[in-house]
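**Q** Supplied in structure tokens, the structure appears directly below.
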Amino acid sequence: RLGVAKPVTDCKSLLDVDLSHVTEEGGTTVTSATETTHEGHLYCFVEGTLPASTKWEVMLPVRTWTQRYMQIGCGGLCGMIHMQVNAASGSQYVAGGEFALAATDMGGAMDGKVFANNPGRRESFAYSAQHLTSLVSKTLIQAYYGQKPRYSYFNGCSDGGREGVMEALRYPNDFDGILAGAPAMLFQFQNSLHHGWLAMSPPGRGPPGHGSSDHGPAAIVTASKLPLLHSAVVRACDALDGLVDGLLSEPRLCNFDPRELLCATEMAAAVVDRQCLTEAEVNTIRKFYNGPVDPATGSHLTVGQAQFGSELAWEGVFVPRGRNQPVMSAHIALAALRYLIFEPNPPETYSLNDLKFTEATVELLRPRHPLLDATNPDLAAFKAAGGKLILWHGWSDEHISPRTTIAYHEALQKQMGGPDQVAAFERLYLLPGVQHCGRGEGMAAIDLVTPLLEWVEQGSAPHAIMTSTELDVPPWMAAAPAVTRSRPVFPYPSLAKYTGQGDANDAANFVQGAPLYTDKTADWAGQSFFEPY
17 RLGVAKPVTD
27 CKSLLDVDLS
37 HVTEEGGTTV
47 TSATETTHEG
57 HLYCFVEGTL
67 PASTKWEVML
77 PVRTWTQRYM
87 QIGCGGLCGM
97 IHMQVNAASG
107 SQYVAGGEFA
117 LAATDMGGAM
127 DGKVFANNPG
137 RRESFAYSAQ
147 HLTSLVSKTL
157 IQAYYGQKPR
167 YSYFNGCSDG
177 GREGVMEALR
187 YPNDFDGILA
197 GAPAMLFQFQ
207 NSLHHGWLAM
217 SPPGRGPPGH
227 GSSDHGPAAI
237 VTASKLPLLH
247 SAVVRACDAL
257 DGLVDGLLSE
267 PRLCNFDPRE
277 LLCATEMAAA
287 VVDRQCLTEA
297 EVNTIRKFYN
307 GPVDPATGSH
317 LTVGQAQFGS
327 ELAWEGVFVP
337 RGRNQPVMSA
347 HIALAALRYL
357 IFEPNPPETY
367 SLNDLKFTEA
377 TVELLRPRHP
387 LLDATNPDLA
397 AFKAAGGKLI
407 LWHGWSDEHI
417 SPRTTIAYHE
427 ALQKQMGGPD
437 QVAAFERLYL
447 LPGVQHCGRG
457 EGMAAIDLVT
467 PLLEWVEQGS
477 APHAIMTSTE
487 LDVPPWMAAA
497 PAVTRSRPVF
507 PYPSLAKYTG
517 QGDANDAANF
527 VQGAPLYTDK
537 TADWAGQSFF
547 EPY
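Start counting the sequence shown at 17; every next residue gets the next number (this note's numbering).
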């Protein structure tokens, strides 16, 4: 372990640190520097600005710094700063306050309006804010401790995962190790054709103000039907991975048809609390699973849609609680479509009715592809710099399809010389039953921070990673789950295989198993977006 390094100056002196070298146009300043307590540890908390109305925060441990720096990614369209370290359940490095931490709001806002006709803020969000924040942070670390960090890490999930991969692509020397969870790397497809399809799949319109084109159509499927659907999916497909445990370890093996839940009669369909699906509900759910297809060419327009086993996570995202309630997918799609994705921006009146699910729309995503997407598989410079990348994704992710991350992993192998060459610097872990960036029925408590450190600092490549339910109790739950479960996850495509003996809730009774699904990602309209650019 690295030793603790103490400050060589007081916190307030950082107000005078010169940051003029960070950007040519200026605008990078320190606005405050005060000592504060965070999660039981004393920090020098520094705030400041970057160009394009971008803010940043840096937290420097006063007594516990072990010469490591971690930058935290930002989710959604950002506009806020959360200093929360992901995928670090039980990590003593994090719990001990050993990292200097930093984050930025990337000059964004969740409604996307700040990006309209503002190239500077688009660039800040796309990539520059994270790079500039790393320069600021390392300058402050040098000033406060009298030395640079020995090792620098990036840790983000969702758009934060995209930001991590973007750093590896554009600034391969910024970080020694990058942890990218549920990466929104195919940013444009995800925020247009993916969420737009989920929001617009139900036919028809609701009452004025509810079923408007800003919120998507009135819902056909509501959240009350999701437990019924999920239970049926699990019954049909749970055993396909070799263990009946309520989780789908390989959802791609599942071919469940929601028509199996079709109500037998019109009378049965009219019952309020029916335990069956109407014809309209069946058709809508099929659309969720199948994703958008160009009606003229038959080409799939996304690399992956809602996965079997993820049904309970759909509530509020693209399946509302009530028939005329808005869904998050509509908000996500409109914010990006109106203000960020297209060149030039469409009119302010652009609605989801204007989004066409065709290959022509795919072509409209190309102009800003290099700016916003992080799907270039050429990580040669990052590998040459000694960088290490861990990708992770929950199979039950309700926002970003894990198949996107799989497609990128495959593209890396194609571009970088095959599986063995890629394994020298990258790993992919898929977590059964885990939703977007955590939670879910699966074992979402995982520490990927420690394995990343050991890979970077000791050369010990990660293999089996422990997951559990024990440490992942949300704050709103009164108690831990009735049964504590633990299980290893192995680098993709290997799966954890139950030995057939002992408690199936105990990780000790699992070994590395062979892949159960070996097909490569099928052809789709945007596959060229995973080629070098």
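All residues carry an ideal CB built from backbone N, CA and C; glycine is no exception.
Leaving out five residues on either side along the sequence, give the residues of the same chain with a beta carbon under 7 Å from the beta carbon of L259.
**A** Within the sequence shown, numbered from 1, the residue matching residue 259 stands at position 243. Excluding sequence neighbours, L259 sits near Y514, A520.
**Q** Is it true that the segment 449 to 463 meets the segment 473 to 480, where meeting means three or more beta-carbon pairs spaced less than 8 Å apart?
**A** The answer is no - the segment 473 to 480 does not touch the segment 449 to 463, with fewer than three Cβ pairs under 8 Å.
**Q** Would you grab the beta carbon distance between L202 and D463 for me? Rounded to a whole angstrom, and I think it's under 8 Å.
**A** By 1-based counting over the sequence shown, the position of residue 202 is 186. By 1-based counting over the sequence shown, the position of residue 463 is 447. 27 Å between Cβ atoms; not a contact.
**Q** Can you check the segment 360 to 419 for any alpha helix (DSSP H) of at least 4 residues that lies completely inside it and give the ranges in chain order?
**A** Qualifying alpha helix (DSSP H) stretches, in chain order: 375 to 380, 385 to 388, 396 to 400.
**Q** For G193 and S326, what's the separation of their Cα atoms in angstroms?
**A** Here the question's residue 193 lines up with position 177 in the sequence shown. Here the question's residue 326 lines up with position 310 in the sequence shown. So the alpha carbons of these two residues sit roughly 30 Å apart.
**Q** Which two residues bound the contiguous beta strand (DSSP E) that contains S48?
**A** Position 32 of the sequence shown, counting from 1, holds the residue named residue 48. Looking at the DSSP string, the run of the beta strand (DSSP E) that includes S48 is 45 to 54.
**Q** For S412 and S247, what's the separation of their Cα atoms in angstroms?
**A** The sequence position of residue 412 within the sequence shown is 396, counting from 1. The sequence position of residue 247 within the sequence shown is 231, counting from 1. Using only the alpha carbons, I get a separation of about 14 Å.
**Q** What residue ranges within the segment 69 to 116 form continuous beta strand (DSSP E) runs of no fewer than 3 residues, ordered along the chain?
**A** Taking only runs of at least 3 residues, the beta strand (DSSP E) segments lying wholly in the segment 69 to 116 are 70 to 77, 84 to 88.
**Q** Using the DSSP secondary-structure output, state which residues sit across from V152 in a beta bridge.
**A** Translated into positions along the sequence shown, residue 152 becomes position 136. DSSP lists no partner for V152.
**Q** Output yes if chain D places a C-beta closer than 8 Å to the C-beta of E331; else output no.
**A** The structure shown has no chain D; it contains just one protein chain.
**Q** Would the segment 384 to 403 and the segment 178 to 192 be scored as touching if the rule is three or more Cβ pairs under 8 Å?
**A** The answer is yes - the segment 178 to 192 touches the segment 384 to 403, with three or more Cβ pairs under 8 Å.
**Q** Helix, strand or coil, according to DSSP, for M182 in the structure here?
**A** As a working note, residue 182 is residue 166 in the sequence shown. Residue state, collapsed to three classes: helix.
**Q** Out of A523, A460, W408, which one is the CA nearest neighbour of P509?
**A** Within the sequence shown, numbered from 1, the residue matching residue 509 stands at position 493. The candidate whose alpha carbon is nearest that of P509 is W408.
**Q** Going by the C-beta, is F334 closer than 7 Å to any heavy atom of the ligand GDP?
**A** The ligand GDP is absent from the structure shown, which contains no ligands of any kind.
**Q** Helix, strand or coil: how does DSSP classify A13 here?
**A** Summary: the structure shown does not reach residue 13, with the chain confined to residues 17 through 549, and so no result is reported for it.
**Q** Check whether the segment 264 to 276 and the segment 312 to 332 touch, using three or more Cβ-Cβ pairs below 8 Å as the test.
**A** Result yes; three or more Cβ-Cβ pairs closer than 8 Å.
**Q** Give me the Cβ distance between I416 and A200, rounded to the nearest whole Å; I'm assuming they're in contact under 8 Å.
**A** Indexing the sequence shown from 1 puts residue 416 at position 400. Indexing the sequence shown from 1 puts residue 200 at position 184. I416 to A200, Cβ: 6 Å. Contact.
**Q** Enumerate in chain order the residues of its own chain whose CB-to-CB distance from D488 is below 8 Å, with the five nearest sequence positions on each side excluded.
**A** Counted from its first residue, the sequence shown places residue 488 at position 472. The predicted model places D488 with a pLDDT of 49, which falls under 50 and marks its position as unreliable, so this point remains unresolved.
**Q** By the three-class DSSP mapping on this structure, what secondary structure does V20 have?
**A** In the sequence shown, residue 20 corresponds to position 4, counting from 1. It is coil, neither helix nor strand.
**Q** For a test of the three-state rule: what should DSSP assign to M283, helix, strand or coil?
**A** Counting from one through the sequence shown, the residue named residue 283 turns up at place 267. M283: helix per DSSP, three-state reduction.
**Q** Would L356 pass as a contact of F131 if the rule is Cβ separation under 8 Å?
**A** On the sequence shown, position 340 is the one that residue 356 refers to. On the sequence shown, position 115 is the one that residue 131 refers to. Yes.
**Q** What distance in whole Å lies between the Cβ atoms of M99 and M75, which are believed to be in contact at a cut-off of 8 Å?
**A** On the sequence shown, residue 75 is found 59 positions in, with the first residue counted as 1. On the sequence shown, residue 99 is found 83 positions in, with the first residue counted as 1. Indeed, because the Cβ distance is near 6 Å, the residues count as touching under 8 Å.
**Q** Should K372 be labelled buried (16 or more other beta-carbon atoms within 10 Å of its own) or exposed?
**A** Along the sequence shown, one-based indexing puts residue 372 at 356. K372 comes out exposed.
**Q** Rounded to whole angstroms, what's the CA-CA distance from E547 to E426? Just pull it up for me.
**A** On the sequence shown, position 531 is the one that residue 547 refers to. On the sequence shown, position 410 is the one that residue 426 refers to. Computed Cα separation, rounded: 11 Å.
**Q** Express the C-alpha separation of V472 and G402 in angstroms, rounding to a whole number.
**A** By one-based count along the sequence shown, residue 402 stands at place 386. By one-based count along the sequence shown, residue 472 stands at place 456. Spanning the two alpha carbons is a distance of roughly 8 Å.
**Q** So, with DSSP's three-state summary, where would you put P504?
**A** Looking up residue 504 in the sequence shown gives position 488. Of the three classes helix, strand and coil, the one that applies to P504 here is strand, per DSSP.
**Q** Report the partner residues of F170 according to the DSSP bridge assignment.
**A** Start at 1 with the first residue of the sequence shown, and residue 170 comes out as number 154. According to DSSP, F170 bridges with Q87, I194.
**Q** Whose C-beta lies closer than 8 Å to the C-beta of P491 among residues of the same chain, with five residues either side of it excluded?
**A** Start at 1 with the first residue of the sequence shown, and residue 491 comes out as number 475. Below a pLDDT of 50, predicted positions are generally treated as unreliable, and P491, at 48, falls in that range; no measurement from the model is reported.
**Q** Going by DSSP in three states, R443 sits in which element: helix, strand or coil?
**A** Taking the sequence shown and counting its residues from 1, the one referred to as residue 443 is at position 427. Reduced to three states, the DSSP call for R443 is strand.
**Q** For P223 and E41, what's the separation of their Cα atoms in angstroms?
**A** In the sequence shown, residue 223 corresponds to position 207, counting from 1. In the sequence shown, residue 41 corresponds to position 25, counting from 1. Residue confidence is low: P223 scores 31 on pLDDT, short of 50, so the model does not pin down where it sits. No coordinate-derived value is stated.
**Q** Grab me the residues of V343's own chain with a C-beta within less than 8 Å of its C-beta, minus the 5 sequence neighbours each way, in chain order.
**A** Position 327 of the sequence shown, counting from 1, holds the residue named residue 343. Closer than 8 Å at the Cβ level, and outside the excluded window around V343, lie L214, A215, H231, G232, A235, G332, V333, F334, V335, P336.
**Q** Are the Cβ atoms of R138 and L387 separated by less than 8 Å?
**A** Reading the sequence shown from its first residue, position 122 is the one you call residue 138. Reading the sequence shown from its first residue, position 371 is the one you call residue 387. Yes; because the gap between Cβ atoms is below 8 Å, this pair is in contact.
**Q** With H, G and I counted as helix, E and B as strand and the rest as coil, what does DSSP make of E327?
**A** Within the sequence shown, numbered from 1, the residue matching residue 327 stands at position 311. Here E327 sits in helix by DSSP.
**Q** Whole angstroms is fine: what's the gap from Q437's alpha carbon to P531's?
**A** Your numbering for residue 437 matches position 421 in the sequence shown. Your numbering for residue 531 matches position 515 in the sequence shown. In a straight line, the C-alpha of Q437 is about 20 Å away from that of P531.
**Q** Ignore the nearest five residues each way along the sequence and tell me which others in T294's own chain have a CB closer than 7 Å to its CB.
**A** Here the question's residue 294 lines up with position 278 in the sequence shown. These residues qualify, in order along the chain: C279, A285.
**Q** So S345 is in the alpha helix (DSSP H); what residue range does that whole segment cover?
**A** Against the sequence shown, residue 345 aligns to sequence position 329. 344 to 352 is the extent of the alpha helix (DSSP H) around S345.
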